[in-house]
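Protein chains: 2
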Amino acid sequence: MLIDRIGKLKAGFAEEFDGHVIANEINMLYLTGFLGAAVMFVPNEGESILYVYGVNYEGARTKAKNCRVERVKRDEEAFKKLADQIKAMKLKTLCFDSMSFQVYQKFKNALERSVSLEGKSEYIWSLRRIKDDEELKRMRKAAELTAAGMQRACDVVKLGIKEIEVAAEIEYEMRKYGSYGVAFDTIVASGPHSAYPHGGCCERRLAKGDLVVIDIGATYMNYRSDMTRTVVIGKASRKQKKIYDVVKEAQEAAFQRIRDGVKAARPDADARSLIEEAGYGDYFVHGLGHGVGLEVHEQPVLNTSSKDILKSGNVVTDEPGVYIVGFGGFRIEDTVLVRKGKAERLTKGLYVLET
Amino acid sequence: MLIDRIGKLKAGFAEEFDGHVIANEINMLYLTGFLGAAVMFVPNEGESILYVYGVNYEGARTKAKNCRVERVKRDEEAFKKLADQIKAMKLKTLCFDSMSFQVYQKFKNALERSVSLEGKSEYIWSLRRIKDDEELKRMRKAAELTAAGMQRACDVVKLGIKEIEVAAEIEYEMRKYGSYGVAFDTIVASGPHSAYPHGGCCERRLAKGDLVVIDIGATYMNYRSDMTRTVVIGKASRKQKKIYDVVKEAQEAAFQRIRDGVKAARPDADARSLIEEAGYGDYFVHGLGHGVGLEVHEQPVLNTSSKDILKSGNVVTDEPGVYIVGFGGFRIEDTVLVRKGKAERLTKGLYVLET
Chain A
135 MLIDRIGKLK
145 AGFAEEFDGH
155 VIANEINMLY
165 LTGFLGAAVM
175 FVPNEGESIL
185 YVYGVNYEGA
195 RTKAKNCRVE
205 RVKRDEEAFK
215 KLADQIKAMK
225 LKTLCFDSMS
235 FQVYQKFKNA
245 LERSVSLEGK
255 SEYIWSLRRI
265 KDDEELKRMR
275 KAAELTAAGM
285 QRACDVVKLG
295 IKEIEVAAEI
305 EYEMRKYGSY
315 GVAFDTIVAS
325 GPHSAYPHGG
335 CCERRLAKGD
345 LVVIDIGATY
355 MNYRSDMTRT
365 VVIGKASRKQ
375 KKIYDVVKEA
385 QEAAFQRIRD
395 GVKAARPDAD
405 ARSLIEEAGY
415 GDYFVHGLGH
425 GVGLEVHEQP
435 VLNTSSKDIL
445 KSGNVVTDEP
455 GVYIVGFGGF
465 RIEDTVLVRK
475 GKAERLTKGL
485 YVLET
Chain B
135 MLIDRIGKLK
145 AGFAEEFDGH
155 VIANEINMLY
165 LTGFLGAAVM
175 FVPNEGESIL
185 YVYGVNYEGA
195 RTKAKNCRVE
205 RVKRDEEAFK
215 KLADQIKAMK
225 LKTLCFDSMS
235 FQVYQKFKNA
245 LERSVSLEGK
255 SEYIWSLRRI
265 KDDEELKRMR
275 KAAELTAAGM
285 QRACDVVKLG
295 IKEIEVAAEI
305 EYEMRKYGSY
315 GVAFDTIVAS
325 GPHSAYPHGG
335 CCERRLAKGD
345 LVVIDIGATY
355 MNYRSDMTRT
365 VVIGKASRKQ
375 KKIYDVVKEA
385 QEAAFQRIRD
395 GVKAARPDAD
405 ARSLIEEAGY
415 GDYFVHGLGH
425 GVGLEVHEQP
435 VLNTSSKDIL
445 KSGNVVTDEP
455 GVYIVGFGGF
465 RIEDTVLVRK
475 GKAERLTKGL
485 YVLET
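These protein sequences, in sequence, are chains A and B. Residue numbers for the first sequence follow the numbering used here, so the first one is 135 and each next one is one higher. Residue numbers for the second sequence follow the numbering used here, so the first one is 135 and each next one is one higher.
Quick look at the structure:
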């Protein structure tokens, strides 16, 4: 799988550029299988070069595929070294994925004045957005581990337990089943905290009638998953039940819409109109979802202003929510695989409000 | 504590600039206590403004201190909104902490041509480098949790256990004692993996005679810690014992050197020369250490080319290592508080090679 990626990248940019600088470490991981390089260069013609400082040089030599690994010495700068290489190759038109302004300035100064340098993240994203079989295998495993963590959360959530104690149990369970770590900081946001989409996880003890938003993800061999459930401590009030059902219905409506060829703004619109009709439109304060893969937030974006078109092989979240300060919050989220026909939930089950 | 930070920042930049744009989310957290804003503006005179999208607006209104929180609507862009504000204020000279090149370009285009915009991360770093009492309280707690995790690692490390199972026990222990999460991906790198400084943590089972590098950190209320120990499964060989002792001696020598007023390159040089004298100089492939705080890698930097001067209130790591591919690796690391006199180890103990 890995072996095709650099070829596909070249096929993307080669008509427009002489070479592609990869400065984002996750993009380097995607192309070479190695995390920890300083910068990578993919020329239109010839061998790709991965520049690595001493600390990770031996690791790169062992793990990095489809490129030559070049050591950057302690007193050298990787971008300066790359600029020299580009000058030696007499290349004229370059693009790069992403770079801080400060690094851009240094790099630009080190290049010949006649070399053009353009920010173009779309070549790499057009690849990363479509998961191949090996990636999907890892993402299915990450999703399975995440669901195991959520099951544990449902088992331990009870009156008096602290948010961080619930997180401890979730993460331990995911680890025991083989998780390589968390995909992002675990959220267990209870009571007033649940009213904020990123409600955190701290030492608050769960109280009777609390809504608890549990948003978790496991990582498996660099791939991530993302899943949210909302539960109530004890019996749900009529209003809690009503809003939960609206959010659940919105999540399902969006799920039914998600498939190859659909505008990414459409499932958001479907979920949003259901929530609006129920009178909670002002409280759905974020987009429906985002891509997931090597990173927990990546392309495509599923919100009202998205220009993306969903494609088979995208993995995205479907996560409508309603957040009312002073009352509490609700979110239901699955990680979903886009296909030609109906989408597939990678995370699923446990749609239970009362515990 | 928080209340002084914006004032101190202004005192830093006000002679040179009309205002400071803060685009780094951790810097915004440092200044306001809130994580999740899009961008912040600190004008030389008048109120600071925190721009926040709807998803985090209510959270910011509740938590962000010492600034006005302004909502960025779904169809607005935060940097565009900020540019309009700056134009309305007729400001001419701005600096910013850090920004991607793509964001810089958009922001620069949205500003009047006559407005100058300069990258200057030093104002904020001159503050963040010196930890105040509240920060130190949190870092001491993070270090204590980390040491508890390391104790657990020493208790469970044994023949046949998987690296990720050791990680599960470490992280669960840290969580149980009150950790808010991991400061970075837990490293349990055994046998051949130990020869790479970032040796990861996967499904390998520990074997007899393995070196195991355990590099872990807990987080407490946004502050981090960082600690490494190296153990051997079973009885250490003479060579293992010898190299361990050299690394331990180097770590102690650097620790004795670390204090207010010392060049940050000095403790690195002290550790390095001991390791070189023992014949392992080529295998100490990274710098001695780095600052720790809200991030696990921050300023100051302790390596051969560092221009930094250590100051009382810096919190840094002291972590020499020797990595021999085909033999194994060693690293001993503590998080250390720089003081006027002798430094203070925030992590400590468990300097035991054999388990």
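Where is the CB? At the ideal position from N, CA and C, for every residue including glycine.
Taking its Cβ as the centre, do 16 or more other Cβ atoms sit within 10 Å of B:A222, making it buried, or is it exposed? Locating residue 222 of chain B in the second sequence gives position 88, where the first residue counts as 1. Per the 10 Å Cβ criterion, exposed.
Relative to the ligand FAD, is the shortest distance from any of its heavy atoms to the C-beta of B:R391 smaller than 7 Å? Absence of the ligand FAD is noted for the structure shown, with no ligands found whatsoever.
Any C-beta of chain B under 8 Å from that of A:R208: Counting from one through the first sequence, the residue named residue 208 of chain A turns up at place 74. The beta-carbon of A:R208 is placed less than 8 Å from the nearest beta-carbon of chain B.
Beta-ladder partner(s) of A:T353, from DSSP: Translated into the one-based positions of the first sequence, residue 353 of chain A becomes position 219. According to DSSP, A:T353 bridges with A:G315, A:R358.
Where B:N190 and B:K197 are concerned, what is the direct C-alpha to C-alpha distance, given to the nearest angstrom? Numbered from 1 along the second sequence, position 56 holds the residue referred to as residue 190 of chain B. Numbered from 1 along the second sequence, position 63 holds the residue referred to as residue 197 of chain B. Rounded to the nearest whole angstrom, the CA to CA distance from B:N190 to B:K197 is 10 Å.
From the DSSP output, in three-state form, read off B:L345 for me. The sequence position of residue 345 of chain B within the second sequence is 211, counting from 1. Strand at B:L345.
Can A:R338 and A:E297 be called in contact, C-beta distance under 8 Å? Locating residue 338 of chain A in the first sequence gives position 204, where the first residue counts as 1. Locating residue 297 of chain A in the first sequence gives position 163, where the first residue counts as 1. Yes, these two residues count as a Cβ contact at 8 Å.
Could you pull the DSSP bridge partners for B:M174 from this structure? Here residue 174 of chain B refers to the residue found at position 40 of the second sequence. Answer is B:I156, B:L184, bridged to B:M174.
Got a sec: which bits of the stretch 400-433 of chain A sit with their beta carbon under 7 Å from any beta carbon on chain B, in order along the chain? Interface annotation for the stretch 400-433 of chain A against chain B: V419, H420, criterion Cβ-Cβ distance under 7 Å.
Helix, strand or coil, according to DSSP, for A:L228 in the structure here? As a working note, residue 228 of chain A is residue 94 in the first sequence. If DSSP states are grouped into helix, strand and coil, A:L228 belongs with the strands.
Contact the stretch 352-361 of chain B vs the stretch 306-313 of chain B: 3+ CB pairs below 8 Å: Touching, yes, given that three or more Cβ pairs across the two stretches are closer than 8 Å.
Quick one: list the residues of chain A neighbouring B:A329, beta-carbon separation under 8 Å, in chain order. Locating residue 329 of chain B in the second sequence gives position 195, counting from the first residue. Neighbours of B:A329 on chain A, chain order: E192.
Can you tell me the Cα-Cα spacing of B:V249 and B:A302, whole angstroms? The count along the second sequence starts at 1 and reaches residue 249 of chain B at position 115. The count along the second sequence starts at 1 and reaches residue 302 of chain B at position 168. Whole-angstrom Cα-Cα distance: 52 Å.
If we cut at 8 Å on Cβ distances, does A:G315 have a partner in chain B? On the first sequence, position 181 is the one that residue 315 of chain A refers to. Taking Cβ atoms only, chain B reaches closer than 8 Å to A:G315, which makes this a yes.
Going straight from the alpha carbon of B:C336 to that of A:A281, what length do you get? For the purposes of this step, residue 336 of chain B is taken as residue 202 along the second sequence, with counting starting at 1. For the purposes of this step, residue 281 of chain A is taken as residue 147 along the first sequence, with counting starting at 1. Going from the Cα of B:C336 to the Cα of A:A281 covers about 20 Å.
Hey, could you find the ends of the beta strand (DSSP E) B:E252 is sitting in? Numbered from 1 along the second sequence, position 118 holds the residue referred to as residue 252 of chain B. It spans 250-253 - the beta strand (DSSP E) in which B:E252 sits, taken as one unbroken run.
Which residue wins for smallest C-alpha separation from A:I220, given the options A:F151, A:F389, A:E159? As a position in the first sequence, residue 220 of chain A is number 86, starting the count at 1. With distances taken between CA atoms, A:I220 lies nearest to A:F151 out of A:F151, A:F389, A:E159.
Meets three-Cβ-pair contact criterion under 8 Å: the stretch 171-185 of chain B and the stretch 198-206 of chain B: Yes, they touch.
Where B:D319 meets chain A, residues with beta-carbon distance less than 7 Å: What you label residue 319 of chain B is simply residue 185 of the second sequence in a count that begins at 1. Under the 7 Å cutoff, chain A gives G315.
For B:I367, return the contacting residues in chain A, with the cut-off set at a CB-CB distance below 9 Å. Reading the second sequence from its first residue, position 233 is the one you call residue 367 of chain B. The contacting residues do not exist; B:I367 stays about 21 Å from chain A at best.
Between which two residues does the beta strand (DSSP E) holding B:E432 run? If you number the second sequence from 1, residue 432 of chain B lands on position 298. Per DSSP, B:E432 belongs to the beta strand (DSSP E) from 432-436.
Could you confirm whether any beta carbon from chain B is found closer than 8 Å to the beta carbon of A:E159? Reading the first sequence from its first residue, position 25 is the one you call residue 159 of chain A. Put simply, the CB of A:E159 is far from chain B, with every gap to its CB atoms at 8 Å or more.
Inter-residue spacing [alpha-carbon to alpha-carbon] between A:G188 and B:A172: Start at 1 with the first residue of the first sequence, and residue 188 of chain A comes out as number 54. Start at 1 with the first residue of the second sequence, and residue 172 of chain B comes out as number 38. Counting only the Cα atoms, B:A172 lies some 35 Å from A:G188.
Could you spell out where the beta strand (DSSP E) holding A:T451 opens and where it closes? Translated into the one-based positions of the first sequence, residue 451 of chain A becomes position 317. A:T451 -> beta strand (DSSP E) spans 449-452.
In whole angstroms, what separates the C-alpha of B:T362 from that of B:G333? What you label residue 362 of chain B is simply residue 228 of the second sequence in a count that begins at 1. What you label residue 333 of chain B is simply residue 199 of the second sequence in a count that begins at 1. Answer to the nearest angstrom: the Cα atoms are 12 Å apart.
Roughly how many whole angstroms lie between the Cα atoms of B:D394 and B:A194? Sequence index remark: in the second sequence, residue 394 of chain B carries index 260 (1-based). Sequence index remark: in the second sequence, residue 194 of chain B carries index 60 (1-based). Cα to Cα, B:D394 sits roughly 37 Å from B:A194.
Please check if any C-beta of chain B sits within less than 8 Å of the C-beta of A:E305. In the first sequence, residue 305 of chain A corresponds to position 171, counting from 1. For A:E305, the answer is yes, since a Cβ of chain B falls inside 8 Å of its Cβ.
At the level of alpha carbons, what is the spacing between B:D442 and B:N448? Taking the first residue of the second sequence as 1, we reach residue 442 of chain B at position 308. Taking the first residue of the second sequence as 1, we reach residue 448 of chain B at position 314. Going by C-alpha positions, B:D442 is about 11 Å away from B:N448.
Say whether chain A places a C-beta atom closer than 8 Å to the C-beta of B:R309. By one-based count along the second sequence, residue 309 of chain B stands at place 175. By the rule that beta-carbons nearer than 8 Å mark a contact, B:R309 touches chain A.
Quick one: complete alpha helix (DSSP H) runs, 4+ long, within the stretch 242-295 of chain B? Restricted to the stretch 242-295 of chain B, the alpha helix (DSSP H) segments that are unbroken, complete and at least 4 residues in length are 256-262, 267-290, listed in chain order.
Can you give me the start and stop residues for the alpha helix (DSSP H) that B:I137 sits inside? Here residue 137 of chain B refers to the residue found at position 3 of the second sequence. From DSSP, the alpha helix (DSSP H) with B:I137 extends over 136-147.
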